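See below for the structure under consideration.
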Amino acid sequence: MSGEYFEGGYPPPAFYFTVTFGDGMQVPDASFSEVSGISIEMETEAVVEGGENRFVHQLPKSIKHPNLELKRGITTISSPLVKWCKDTLEGAFVNPIEPKTIIVKLNGAEGEVLRSWSFVGAYPVKWDVEGFNATKNEVAIEKMTFAYTYSERSK
20 MSGEYFEGGY PPPAFYFTVT FGDGMQVPDA SFSEVSGISI EMETEAVVEG GENRFVHQLP
80 KSIKHPNLEL KRGITTISSP LVKWCKDTLE GAFVNPIEPK TIIVKLNGAE GEVLRSWSFV
140 GAYPVKWDVE GFNATKNEVA IEKMTFAYTY SERSK
């Protein structure tokens, strides 16, 4: 039964993760507080069997991915990630969109990679700053949302 459980116990905690950007993009400020949207779903089409009212067959159609969302504290505008998002979302399509591969890794207690997801052909589709509130002592948060062509899970 080896390989059934992760090293150090099962299930792993969800707070130790890293986000990297492929295609040679060096992002020194890629520390995120939250990652969401890691999901895949197969759409189906209901087909009613003719002459037999008891049966409805579900036939596969296509694969659907939600957008990938990354949250973090607001950083400097000189960041390569901020520049890429700004160029894509504020560029008025003057330059072509430059898709990149975003890699999310779930790490174990010793820093070893337990799971890894690659989001291929990703590009920013939304950049959101959470509201400011003078009665709270919280970090200003920005949320970046990415569409992507497909995802691959390894490990």
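For the sequence shown, the residue numbers in my numbering are 20 to 174. All C-beta atoms, glycine included, are put in the ideal place defined by N, C-alpha and C. The model shown is predicted, which means the values in this text are computed figures rather than measured ones.
- From the DSSP output, in three-state form, read off P118 for me. coil
- Task: Please determine, among A141, K155, A159, the residue with the shortest C-alpha to C-alpha distance to Y167.
- Result: A141
- Message: I'd like to know if K83 contacts chain B, where contact means its C-beta is closer than 7 Å to some C-beta of that chain.
- Response: The structure shown contains no chain B; it holds only a single protein chain.
- Reference H84; option with closest CA among K124, E60, I93, A111: E60
- Task: Kindly list the residues whose CB is nearer than 7 Å to the CB of P118, restricted to its own chain and excluding five residues on each side of it in sequence; keep chain order.
- Result: So the list reads G140, A141, Y142, once near-sequence residues are dropped.
- Using 8 Å as the Cβ pair cut-off and three pairs as the minimum, do the segment 118 to 135 and the segment 153 to 163 touch? Cβ pair count under 8 Å is below three, so no.
- Item | Three CB pairs or more closer than 8 Å across the segment 118 to 129 and the segment 30 to 41 | yes
- Task: Give the single residue among N72, N152, E53, S98 whose Cα lies nearest to the Cα of T164.
- Result: E53
- Residues bridged to E64 (per DSSP): L78
- Query: Apart from the five residues just before and just after M20, which ones in its own chain have a Cβ nearer than 8 Å to its Cβ?
  - Reply: Only weak support is given to the placement of M20: the predicted model assigns it a pLDDT of 42, under 50, and the question is left unresolved by the model.
- DSSP three-state assignment for P143, whether helix, strand or coil: strand
- Message: Tell me which residues share the same chain as D147 and place their Cβ nearer than 6 Å to its Cβ, disregarding the 5 neighbours each side in the sequence.
- Response: K162
- Along the beta strand (DSSP E) that carries V38, what are the first and last residues, could you check? 36 to 40
- Item | Cβ-Cβ distance between L89 and F51 below 7 Å | yes
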